[in-house]
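First residue of the sequence shown? That's 1 in UniProt numbering, and the numbers climb one at a time after it.
All C-beta atoms in this analysis are idealised placements derived from N, C-alpha and C, irrespective of residue type, glycine included.
All values derive from a computational prediction rather than experimental measurement.
Working notes, beginning with the structure itself.
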Amino acid sequence: MYWYNGELIEDERISLGIDDIGLLYGATLFTTLRIYQQSLEHPLTHWQEHLKRLHSSLQVFHWPDPDWRRIRQGAEKLSLFYPVLRITIFADGREWIKGRFLPEDLSIRQEQGIIGWVIDNPAWQRVLGEHKTGNYLTPWLASQTAQKKGSKEAILVDRVGNWLETSTGNLWGWKDNCWYSPLLTADILPGIGRSALIGWLKKQNISLQENLWTPEFVRTLQAIAYSNSLVEIIPFNSILGWDLQINTAIYREVLPDLQQYFSSQLENK
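In structure tokens, the structure reads:
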């Protein structure tokens, strides 16, 4: 079941023209959001923020606006069946919305952490990194390679080896009573969850710095995690090939700084 061009379609196949530039060149924009309590208005769903990010990219690309009312209609229908929605916008304004379920082992990942892998080919740079386009080959390749190596998440780097983000989210580090997040550059997608967490940390007067994650800096971190709109916060318990002094015992002490953002929003609803 999916929503396409104003219609709810109960099928697992979609019909596109052979000359569709979305198919030929990945000329689409998309955003992935988690629907909390089946409500687009829930504060953790960040519905308006996702629409604003899509609209901002549409303006940069000089693409026409889609029918936003229709997008909401499709999202509302699919949110009754799926907790995660991917909204795709084609260059001519068509919309495609598909749903999926949360990972079955999400709670285990959140509690026990995962293994990370840093890409070993800096040439794998995201295309138009500050936008979520249909040309997502680099993160997909990185993710597939990471899984083959026994890792759950890949970490993307720039051409000189500085850590940027993961294949699906934004990075967080902790040391000496301070949280760190990579400084936003044109190579990093400004995650909606990241922005919300930064606002939360500032509101709670918790120390935060945005900086350049050089390999030397990364080696000083005591805790590393990543976030996105789907999984919330997941810590890394090790990074393949890196001799990092990750103190997994400290996660119970420091991760609540970030986790409480989500729990507080759920308690208030």
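Would you call the region 114-121 and the region 54-63 touching, i.e. three or more CB-CB distances under 8 Å?
The region 114-121 vs the region 54-63: no contact.
With distances taken from CA atoms, which of R100, L184, H42 is nearest E12?
On the sequence shown, position 12 is the one that residue 12 refers to. Comparing alpha carbon positions, the residue from R100, L184, H42 closest to E12 is R100.
Can you tell me whether DSSP reads Y180 as helix, strand or coil?
Stepping through the sequence shown from its first residue, residue 180 is reached at position 180. Y180 sits in a strand when the DSSP states are folded into three classes.
Whose CA, out of I246, S107, A146, E216, lies closest to the CA of I233?
In the sequence shown, residue 233 corresponds to position 233, counting from 1. The shortest Cα separation from I233 among I246, S107, A146, E216 belongs to S107.
Helix, strand or coil for T133 per DSSP?
Along the sequence shown, read from residue 1 onward, the residue named residue 133 stands at position 133. Residue state, collapsed to three classes: strand.
If you measure between the beta carbons of G129 and R70, is that distance less than 8 Å?
Within the sequence shown, residue 129 is the residue found at index 129, counting from 1. Within the sequence shown, residue 70 is the residue found at index 70, counting from 1. Judged by beta-carbon spacing, R70 lies beyond the 8 Å limit of G129, meaning their Cβ atoms are not closer than that value.
Identify whether Q209 lies in helix, strand or coil by the three-state DSSP scheme.
The residue given as residue 209 occupies position 209 in the sequence shown. Of the three classes helix, strand and coil, the one that applies to Q209 here is strand, per DSSP.
Is DSSP giving W96 helix, strand or coil here?
Taking the sequence shown and counting its residues from 1, one reaches residue 96 at position 96. Three-state result, W96: strand.
Exposed unless 16 or more other CB atoms sit within 10 angstroms - verdict on W163
Within the sequence shown, the letter at position 163 stands for residue 163. So W163 counts as buried.
Can you tell me the Cβ-Cβ gap for I14 and L54, rounded? I've got them flagged as a contact below 8 Å.
Your numbering for residue 14 matches position 14 in the sequence shown. Your numbering for residue 54 matches position 54 in the sequence shown. That belief does not hold up - the Cβ atoms of I14 and L54 are roughly 19 Å apart, past 8 Å.
The region 141-152 contacting the region 180-200, beta-carbon criterion three pairs below 8 Å
Contact fails: fewer than three Cβ-Cβ distances are below 8 Å.
Leaving out the 5 sequence neighbours to the left and right, which residues in its chain are closer than 8 Å to V84 when beta-carbon positions are compared?
If you number the sequence shown from 1, residue 84 lands on position 84. Excluding sequence neighbours, V84 sits near T32, L33, R34, I35, G99, R100, F101, L102, L230.
Residue(s) in a DSSP beta bridge with R241
Against the sequence shown, residue 241 aligns to sequence position 241. In the sequence under discussion, the amino acid at residue 241 is Gly, which differs from the Arg named in the question. Beta-bridge pairing links G241 to no other residue.
To the nearest angstrom, how far is it from the Cα of T248 to the Cα of L80?
As a first step, residue 248 is located in the sequence shown; it is residue number 248 there, counting from the start. As a first step, residue 80 is located in the sequence shown; it is residue number 80 there, counting from the start. Straight across, the Cα-Cα distance linking T248 with L80 is about 37 Å.
By Cβ distance, which residues of its chain are closer than 6 Å to L208, with the 5 residues on each side in sequence left out?
Sequence index remark: in the sequence shown, residue 208 carries index 208 (1-based). Sequence-distant Cβ neighbours of L208 in its own chain, meaning closer than 6 Å and more than five residues away, are W179, L201.
Can you give me the C-alpha to C-alpha distance between I18 and Y2, rounded to a whole angstrom?
As a working note, residue 18 is residue 18 in the sequence shown. As a working note, residue 2 is residue 2 in the sequence shown. Their backbone Cα atoms lie some 20 Å apart in a straight line.
Looking at the structure shown, is G191 part of a helix, part of a strand, or coil, going by DSSP?
As a first step, residue 191 must be located in the sequence shown, where it is residue number 191. For G191, the three-state secondary structure derived from DSSP is coil.
Three-state secondary structure assigned by DSSP to E153:
Position 153 of the sequence shown holds residue 153. Looking at E153 - three-state DSSP - the assignment turns out to be strand.
Which of helix, strand or coil DSSP assigns to V231:
Looking up residue 231 in the sequence shown gives position 231. Three-state DSSP puts V231 in coil, outside helix and strand.
Could you give the residue range of the beta strand (DSSP E) that holds E7?
Counting from one through the sequence shown, the residue named residue 7 turns up at place 7. Run containing E7: 7-9, per the beta strand (DSSP E) assignment.
Note the first and the last residue of the continuous beta strand (DSSP E) segment covering W172.
Here residue 172 is taken as the residue at index 172 of the sequence shown, counted from 1. It spans 170-175 - the beta strand (DSSP E) in which W172 sits, taken as one unbroken run.
In whole angstroms, what is the alpha-carbon distance linking G22 and N135?
For the purposes of this step, residue 22 is taken as the residue at position 22 of the sequence shown. For the purposes of this step, residue 135 is taken as the residue at position 135 of the sequence shown. G22 and N135 have their C-alpha atoms roughly 9 Å apart.
Limits of the unbroken alpha helix (DSSP H) element including residue 309:
Here the chain covers residues 1 to 269 and nothing more, so residue 309 does not appear.
On the DSSP bridge list, what partners appear for A225?
As a first step, residue 225 must be located in the sequence shown, where it is residue number 225. Answer is W172, P235.
Close Cβ partners of K77 (< 7 Å) along its chain, the five nearest in sequence each way excluded:
Looking up residue 77 in the sequence shown gives position 77. Around K77: W3, L8.
Since H42 contacts I192 with CB under 8 Å, what's their CB separation in whole angstroms?
Translated into the one-based positions of the sequence shown, residue 42 becomes position 42. Translated into the one-based positions of the sequence shown, residue 192 becomes position 192. The Cβ separation is near 14 Å, so there is no contact.
Spatial neighbours of K148 within its chain, please: C-beta separation below 7 Å, excluding the five flanking residues on both sides.
What you label residue 148 is simply residue 148 of the sequence shown in a count that begins at 1. Excluding positions up to five away in sequence, the list is empty.
Helix, strand or coil for Y2 per DSSP?
Translated into the one-based positions of the sequence shown, residue 2 becomes position 2. Three-state result, Y2: strand.
In the DSSP assignment, find the alpha helix (DSSP H) that holds L85 and state where it starts and stops.
On the sequence shown, residue 85 is found 85 positions in, with the first residue counted as 1. Element bounds for L85: not the alpha helix (DSSP H) but the beta strand (DSSP E), 84-90.
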